[in-house]
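J.:
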Amino acid sequence: MTMKTGKGWVDVGNAALADGFLQTAQKVKFLENRCGSQDEDVHKIRLDRDLFKVLSYQAESAVAQRDFQRAVMCVQRCKDLLPRLPRVVSVFKAGCPSPPKPCRKGSLLLPDFHLDPDLAKVLRLLANTYLDWDWPWYQDKALKTLNLAKEAPRFSYLHMCLLARDSVGFDFLKTVCDRFESSADVGKGFLLHVKLLLQRKEDQLAKKKVEDILTAHHAGKELPPQILSWLHTILWDRAAQNFEAQNYFEALQWYNYSLNFYPSGQMDADFAKLQRNRASCYIHLKQLEKANAAVKEAERFDAANIFTQFIIFKIAVLRDNTEEALTAVDALEKSVGNSAAQEKEMVKEENSSTAFLTFAAQFALENGQQDVARRALEYLSQHSQDLQQVLTALKVFIIHLCSTYFPQLSQLCPSEKTVLTSQKACLLMVAAADLELGRSASEASQQTELLSRALEHIQGCKEISNVLKLAGDGSKDPTENLLLLYEIEARAKLHDAGLTSLLESVWELPQLETKILETIASVAMEHPAHYPDIAKKALRKALSLYLQGESIDVAKFSKCLHSFINLSLPDEALSTDVCSLQDIWSTFEVALRVISHSVKYPQVEILWLMTKAWNTGVSQYKEGMYATAEKWCHLGIRFLDHLGSLKKCYEGQVRHCAKCFTSMISWDSNKGPERQADA
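Letter 288 of the sequence shown, counting from 1, is numbered 287 in numbering that gives the first Met the number 0, and no numbers are missing.
Below, the structure written as structure tokens:
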């Protein structure tokens, strides 16, 4: 029991307290050893095993306290016990490749035991572990470990990996490749060289090495098929990384290296995929002729492939060639109906092939090809079994049509009161359409254009509203709040300077609804907008309005409170300064008052509040704010009594944790004063 208690204190980071328990356990084992038993051998093995554990825990405790001399002494005593514990020896050896706290010293024990051939693998793993640690410090250890592994081929490869970490390593690697130039395995050295250069972010040197390999390859020193396949994988991985980083020119260069290794006339599925990848790079680089040439090469081998047809379609749309685009959509529809033409590793989800028709319609709309988009949507409705997918695509199509034609239609209306109202409705729908398109825009420039256009339409609506008011229309405008929210969203996402003055007028409105305030908070934090102060102010006002009512809608209140606390006290920043915590504390107190007067408050939200308060206390404890930590943890416990049916599930655990936590706070508080005044 004392041994387990000591280990427990080591695990929670209280090594000093663990020492007392471990020393007691050690004394107990010595006393048991003197007493003896009927089966002396079994008794000694059991005692030695337990003593070995105690010494290991003491070594770990010493390392935690940075008492390395005592840790080495404990490890040495463990070493003395190992010959009497054969099973522990094997476990101890196998455990060395993983780096637990005291095992770095334990790795020195390996040379002192007889090594069977199976242990060579363990030694190579151990050497790899040393490579993953701090290189200069463990260089000698890694080399010594490798010297114990007698299998020459694997040893040589790992030895090259080891030396390649050092500045001398590349020269050594070059020497090995030159010496074994005629060997069939020399390609492995070339691959290792390229891979290490890429890992060191030396892309230019890696390109030079690939070019040298390519020159030798075409000069008759061809790489074996397996080595060549590995090289293609390295080149494609690097190209994909650059493509994801939107560095399309670099990606194209790496794909071109891969292409140059293909012998003339060789065409397979990978070759077609490579040409499609090159075509995608050319499309992003606006080099449509080269993109077309690349995809034609892919089409020669894999014409029915849905990815090939989709790239052909994109090129036709970007060329503004409606006839070719319609032909490409027809071919795309045939590919969707031909399951054998789809790449299994890419099209995995049900109905995912029909998603290409959705993408085609969207791409055509974004580039002003309404007729092409209409045909793609017709095919989508024929093939898709997902009604939601079809409705979503049609919704986008209608929104684009509204955005395109409604502004022109509104200009045809004469300036009469009823017609002005209709014109305003048209502009409002266009603004809503532009905002919806802006939310789903893939590029920042496109989103900015859509939001700016929406703002113009909103301004047009406001001007018409002013004209109607001057004409004597005293009725309340039902679209006023909607226009207000649209304008706030557009200005927030555009980071417009007029947002501040707009919100100042909003805060002064006499009859603000909680729903409007919560919507303002939502759009203020919706990407690319990021205005946490505005969101918190809106939510605080909404909470105040909820509390002013005769009866509180606890379901809506709890959601609003949840959002406010999450903004004020995010999980990644629980260690907020004391002044901020005092403000948030009052919000928790308000929550407790509402909960105590309402049995309908959601239990899940009460549990969340309890957890949030408790985690805040733990975070303050880590910062050394012990009194503040204890205060917040006790606040969390106050929510426990309101959990209802969930109370039984959490009460025992929470109170046990609270007791342990209070003991830890008391113990740490006695070590020294707090670094900062408590709240």
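Just so it is clear, CB atoms sit at the ideal spot from N, CA and C, and this is done for glycine as well. Everything numeric in this text was worked out from a predicted model, so none of it was measured.
Buried or exposed for Q361, going by 16 or more other Cβ atoms inside 10 Å?
T.: Classification of Q361: buried, given that the 10 Å Cβ count is 16 or more.
J.: In this structure, how does DSSP classify D18 when only helix, strand and coil are distinguished?
T.: helix
J.: By the three-class DSSP mapping on this structure, what secondary structure does R65 have?
T.: In the three-state scheme derived from DSSP, where H, G and I count as helix and E and B as strand, R65 is classed as coil.
J.: Answer yes or no: do T627 and L568 have a C-beta to C-beta separation smaller than 8 Å?
T.: no
J.: Within 10 angstroms of its Cβ, does D640 collect 16 or more other Cβ (buried), or is it exposed?
T.: exposed
J.: Going by Cα to Cα distance, which pick from D319, E365, Y378 and A250 is closest to E442?
T.: E365
J.: Out of S543, H526, R490 and P527, point me to the one whose CA is closest to L682's CA.
T.: The chain is shown from 0 up to 678; residue 682 falls before or after that span and cannot be answered.
J.: Please report the Cβ distance between L434 and Y378, rounded to the nearest whole angstrom; I am assuming they are in contact, meaning their Cβ atoms lie under 8 Å.
T.: Not quite, the Cβ-Cβ distance comes to about 29 Å (not below 8 Å), so this is no contact.
J.: By the three-class DSSP mapping on this structure, what secondary structure does P531 have?
T.: If DSSP states are grouped into helix, strand and coil, P531 belongs with the helices.
J.: Starting from K468, trace the alpha helix (DSSP H) both ways and give me its first and last residue.
T.: Segment A443 to L469, the alpha helix (DSSP H) holding K468.
J.: Would the beta-carbon of Q274 fall within 8 Å of that of A293?
T.: yes
J.: Looking only at its own chain, which residues have a Cβ that is under 8 Å from the Cβ of L204, when we skip the five neighbours before and after it?
T.: Once the five neighbours on either side are set aside, the close Cβ partners of L204 are L196.
J.: Given a cut-off of 8 Å, decide if K206 and I233 are closer than it, judged by their beta-carbon atoms.
T.: no
J.: Going by DSSP in three states, A303 sits in which element: helix, strand or coil?
T.: coil
J.: Please say whether V371 and T326 have beta carbons closer to each other than 8 Å?
T.: no
J.: Relative to the alpha-carbon of L502, which residue among D476, I533 and A528 has its alpha-carbon at the smallest distance?
T.: I533
J.: Judging by CA-CA distance, which residue of A278, D18 and H561 is the nearest neighbour of L606?
T.: Considering only alpha carbons, the answer is H561.
J.: Quick check on S741: does DSSP put it in helix, strand or coil?
T.: Residue 741 falls outside the range modelled here, since the chain spans only 0 to 678, and no answer is possible.
J.: Taking its Cβ as the centre, do 16 or more other Cβ atoms sit within 10 Å of D18, making it buried, or is it exposed?
T.: buried
J.: Where does the unbroken alpha helix (DSSP H) through P224 begin, and where does it stop?
T.: P224 to E243
J.: Return the CA-CA distance between V617 and K630, expressed in angstroms with no decimal places.
T.: Taking the straight line from one Cα to the other gives about 11 Å.
J.: So, for K535: in the same chain, excluding its five sequence neighbours on each side, which residues have a beta-carbon less than 7 Å away from its beta-carbon?
T.: F563, L566 and S567
J.: Excluding five sequence neighbours on each side, which residues of the same chain lie with their C-beta closer than 8 Å to the C-beta of D570?
T.: Non-local beta-carbon contacts of D570 in its own chain, meaning distances under 8 Å to residues more than five positions away in sequence, involve N614 in chain order.
J.: Enumerate in chain order the residues of its own chain whose CB-to-CB distance from L450 is below 6 Å, with the five nearest sequence positions on each side excluded.
T.: Excluding its 5 nearest sequence neighbours in each direction, L450 has C-beta neighbours in its own chain below 6 Å: G437, A489, K492 and L493, listed in chain order.
J.: Could you check which residue in W584, L481, L46 and I314 has the C-alpha nearest to that of L426?
T.: L481
J.: For T357, count the other beta carbons within 10 Å of its own beta carbon; 16 or more makes it buried, fewer makes it exposed. Which is it?
T.: buried
J.: If contacts are defined as beta-carbon pairs under 8 Å, then Y682 and L284 qualify, I think. What distance do you get, rounded to the angstrom?
T.: Outside the displayed range of the chain (0 to 678) lies residue 682, so it cannot be described from this structure.
J.: Between which two residues does the alpha helix (DSSP H) harbouring G623 extend?
T.: G623 -> no alpha helix (DSSP H), and no H or E assigned at all.
J.: Quick one: grab the DSSP three-state call for G219.
T.: If DSSP states are grouped into helix, strand and coil, G219 belongs with coil.
J.: Spatial neighbours of A523 within its chain, please: C-beta separation below 6 Å, excluding the five flanking residues on both sides.
T.: A491, Y530, I533 and A534
J.: Is the separation between the beta-carbon of L419 and that of L467 shorter than 8 Å?
T.: yes
J.: For E243 and S279, what's the separation of their Cα atoms in angstroms?
T.: 12 Å
J.: Considering only the alpha carbon of each residue, which of D66, R45 and R76 lies closest to S55?
T.: R76
J.: Does the separation of the CB atoms of V328 and F355 fall below 8 Å?
T.: no
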